[in-house]
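Structure, as structure tokens:
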Amino acid sequence: MARSKTTTAPILENEHVKELLAIMEANNVPTMKDLLAVLNQVGAMERQLDAAVKELAAIRRELNEAREQAHPVKAALQHVAETLEKNVTVLRERLDMVKKTVIEGCKNAVADFREKGISALDNVIRFFKIKPILESMRDDLSKSIRFSEATISNIEYVSTEYHEAGLHIKNMVRAMAGKEAIQEAKSVGKLAKALEAPFKAEHSCLVSMKKTVEATIGNLTRLEERAVERKPSIQKTMQSLNEQIAQEKKDAPTAERPRPSHAER
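Its first residue numbered 14, the sequence shown is counted upward by one per residue in this note's numbering.
Here it is, written out as structure tokens:
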């Protein structure tokens, strides 16, 4: 599926995002720093996912260039690469959804600010409903990380088994020729080492991305908590203003109750 310009362009370059940040900065909105941290983390996720895609391409290259067509490591990893590609595609879709939701949230926050003034940004986090998507991304990443860890272990295991089997056959031939047996097999062959490197790099990208997603969820939670803390304060201020207005109305002179004269005082 083709991606739109909205989802391919970096989040901080979007016009609606830049407009909201400019408004918050001009009005000294205290939560601007927290929101900017979230936006920077979304940008970091984009870069980390791009790096993961590049490592997948490297895995594909290594598999295609491997000369040992019948090698068991190569056969096993072709299926693994397909699974990782599917996982990365799902992550890309979720991240695109995060970006679209953030951009729409910025757009709505700016519109609300124009209608209601700066008070509309007291609880700016209400415009960004991305936490459930990020939680799904975190779970997807956890599964992909476990999968890649198991893959790396299997590369080493299958390669060792393959070389030990080869060593066993070689030793049978040597024994028949009256030669001394070779005692140790290679732990990991050349092909396994070549394929293991990009898988480890892919694993590293996924781990970094999961940490960024978790940090973003943490920042969103703090923004939500601050909004809850500010709400009672705002309600108290509104209540005080309402009480003051009510008292002024009560004290104001009416036709039935004229203002007292100086003699009466």
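Ideal placement from N, C-alpha and C gives every residue a C-beta, glycine not left out.
Computed from a prediction, not measured in an experiment: that's the story for all the values here.
Residue i to residue j span [Cα, whole Å]
i: N167; j: N121; result: 49 Å
i: F140; j: G118; result: 5 Å
i: S132; j: D125; result: 9 Å
i: N77; j: K87; result: 9 Å
i: K213; j: A71; result: 11 Å
i: K67; j: L233; result: 29 Å
i: R74; j: V241; result: 51 Å
i: M45; j: L34; result: 7 Å
i: S149; j: K156; result: 11 Å
i: L52; j: R239; result: 18 Å
i: T96; j: G130; result: 49 Å
i: T114; j: G231; result: 18 Å
i: P211; j: A50; result: 30 Å
i: S161; j: V123; result: 42 Å
i: S221; j: D109; result: 18 Å
i: R151; j: S217; result: 15 Å
i: N27; j: I138; result: 18 Å
CB of residue i within 7 Å of CB of residue j, strictly
i: V93; j: T164; result: yes
i: R107; j: I146; result: yes
i: D153; j: L104; result: yes
i: A57; j: E215; result: no
i: L90; j: L208; result: yes
i: D47; j: L236; result: yes
i: T229; j: Q54; result: yes
i: L69; j: E32; result: no
i: H29; j: I116; result: yes
Buried versus exposed call for residue i [16 or more other C-beta atoms within 10 Å across all chains shown]
i: T21; result: exposed
i: K112; result: buried
i: E128; result: exposed
i: I24; result: buried
i: P43; result: exposed
i: F59; result: Residue 59 is actually Glu in this sequence, not Phe. Buried: at least 16 other Cβ atoms inside 10 Å.
Report yes or no: do the segment 215-227 and the segment 31-40 share at least 3 C-beta pairs separated by less than 8 Å?
Inter-segment contact for the segment 215-227 and the segment 31-40 is absent: fewer than three beta-carbon pairs are separated by less than 8 Å.
Write down every uninterrupted run of the alpha helix (DSSP H) in the segment 16-54 whose length is 4 residues or greater and which is fully enclosed by it, in chain order.
18-21 and 28-39, all fully within the segment 16-54.
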